[in-house]
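Trainee: For the sequence shown, my numbering gives the first residue as 27, with consecutive numbering after it. For every residue, glycine included, the Cβ atom is placed at its ideal position computed from N, Cα and C. Could you have a look at this structure, given as structure tokens, before my questions?
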Amino acid sequence: MTPSATPTLPVPARPARAAIGDVASEPAGRRPGRPRVEGHDERILAAAVELLDAGEDVTVGRVVARSGVSRAAIYRRWPSLTDLVAAALDHGREPYAVPLDGDLLENLLTVFAPGSATAGPGYSEERFRLRLRLALSDRRLARAYWRSHVARRRPGLEAVLRAGIERGELRADLDLDACMDLLTGVVYYQYVVRGESLDDPQVVQRCRTAIRVAWQGMQVGA
């Protein structure tokens, strides 16, 4: 379920196959040319998601066949097949917004801790694991997913950290990027390294404890 090379189109090289299938953000970089046809974005994205869910390689030809949308229309919406696959892998994700009033840590634990990694009724753990597998096997896909999707969700977490600094609860010298990586890494570690599922209450508790420890290390006077 990976982008495959096409002789006449600038699509990325085919990485290792995975076995199962992942709301998408806006299609990347609209190109000049004919005006958009209403519904094309949804049909293209749905076709890519169906291929991923079916365990099939995502190719331009297969997306065209399933969606009924032309190759030119696909590339007017997504600059490369890699970008389309990244959007399909994000299908069903919902942005999180952590409340900035009350206890910030408890708000963070409620909204951000598991299963925020698979947040959204249309986003299963299987799709989350698929995204991890494909991104680990294709660095270009990982970068495209980061640029178009993950980076756009981080402001919600950054806002919590900044609120903590403004309140005088967290240190003003914090490296916010590093702190966000630390907090999100707690959850990813369970999947990638430990092979755990966040359906397990013990895993959830371990993540919550780790987030509390990280938060304590960010506090003033720590």
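Need the endpoints of the alpha helix (DSSP H) that S163 sits in, please.
Mentor: The sequence position of residue 163 within the sequence shown is 137, counting from 1. From DSSP, the alpha helix (DSSP H) with S163 extends over 151-163.
Trainee: For R179 and P227, which I take to be in contact (beta-carbon distance under 8 Å), what is that distance rounded to the nearest angstrom?
Mentor: As a working note, residue 179 is residue 153 in the sequence shown. As a working note, residue 227 is residue 201 in the sequence shown. R179 to P227, Cβ: 25 Å. No contact.
Trainee: Take Y149 and list the residues in its own chain whose beta-carbon comes closer than 6 Å to its own, dropping the five residues that flank it on each side.
Mentor: Locating residue 149 in the sequence shown gives position 123, where the first residue counts as 1. Contacts found: G118, R119.
Trainee: L200 and V208 - do their beta-carbons sit closer together than 8 Å?
Mentor: Within the sequence shown, the letter at position 182 stands for residue 208. Within the sequence shown, the letter at position 174 stands for residue 200. Correcting the residue type first, residue 208 is Leu in the shown sequence and not Val. For L208 and L200, no; Cβs fall outside 8 Å.
Trainee: Just mark S174 as buried or exposed, buried being the case when its beta carbon has 16 or more other beta carbons within 10 Å.
Mentor: Locating residue 174 in the sequence shown gives position 148, where the first residue counts as 1. Burial call: buried.
Trainee: Can you list, in chain order, the residues of its chain whose CB lies under 7 Å from that of A112, leaving out five sequence neighbours each side?
Mentor: Mapped onto the sequence shown, residue 112 falls at position 86. For A112, where only same-chain residues beyond five positions count, the Cβ hits under 7 Å are L167, A170, Y171, S174, H175.
Trainee: Going by DSSP, name the residue or residues bridged to L196.
Mentor: On the sequence shown, position 170 is the one that residue 196 refers to. In the DSSP output, where bridge partners are listed per residue, L196 has Q245.
Trainee: For L196, I'd like the list of residues in its chain whose CB is within less than 7 Å of its CB, leaving aside the five on either flank, ordered along the chain.
Mentor: As a working note, residue 196 is residue 170 in the sequence shown. Only L187, G190, M244, Q245, V246 meet the Cβ criterion.
Trainee: Run through DSSP, which three-state label would V137 get?
Mentor: The residue labelled residue 137 in the question sits at position 111 within the sequence shown. Correct three-state label for V137: helix.
Trainee: For R40, which three-state DSSP category applies?
Mentor: Stepping through the sequence shown from its first residue, residue 40 is reached at position 14. Caution is warranted here: a pLDDT of 39 is assigned to R40, below 50, making its placement in the model unreliable, and no coordinate value can be reported.
Trainee: Which residue wins for smallest C-alpha separation from V212, given the options R103, A185, A240, V75?
Mentor: Position 186 of the sequence shown holds residue 212. Comparing Cα-Cα distances from V212 to each of R103, A185, A240, V75, the minimum goes to A240.
Trainee: For V75, which three-state DSSP category applies?
Mentor: Position 49 of the sequence shown, counted from the first residue, corresponds to residue 75. Note: V75 maps to helix in three-state DSSP.
Trainee: When you compare the CB positions of R88 and L78, do they come within less than 8 Å of one another, or not?
Mentor: Reading the sequence shown from its first residue, position 62 is the one you call residue 88. Reading the sequence shown from its first residue, position 52 is the one you call residue 78. For R88 and L78, no; Cβs fall outside 8 Å.
Trainee: For the alpha helix (DSSP H) that contains S15, what are its first and last residues?
Mentor: Nothing about residue 15 can be reported from this structure: the residues present for the chain run from 27 to 248 only.
Trainee: Out of D83, A80, A73, point me to the one whose CA is closest to V90's CA.
Mentor: Looking up residue 90 in the sequence shown gives position 64. The candidate whose alpha carbon is nearest that of V90 is A73.
Trainee: Grab me the residues of V229's own chain with a C-beta within less than 6 Å of its C-beta, minus the 5 sequence neighbours each way, in chain order.
Mentor: Position 203 of the sequence shown, counted from the first residue, corresponds to residue 229. Same-chain partners within the cutoff: Q216, E222.
Trainee: Helix, strand or coil: how does DSSP classify L110 here?
Mentor: Against the sequence shown, residue 110 aligns to sequence position 84. Correct three-state label for L110: helix.
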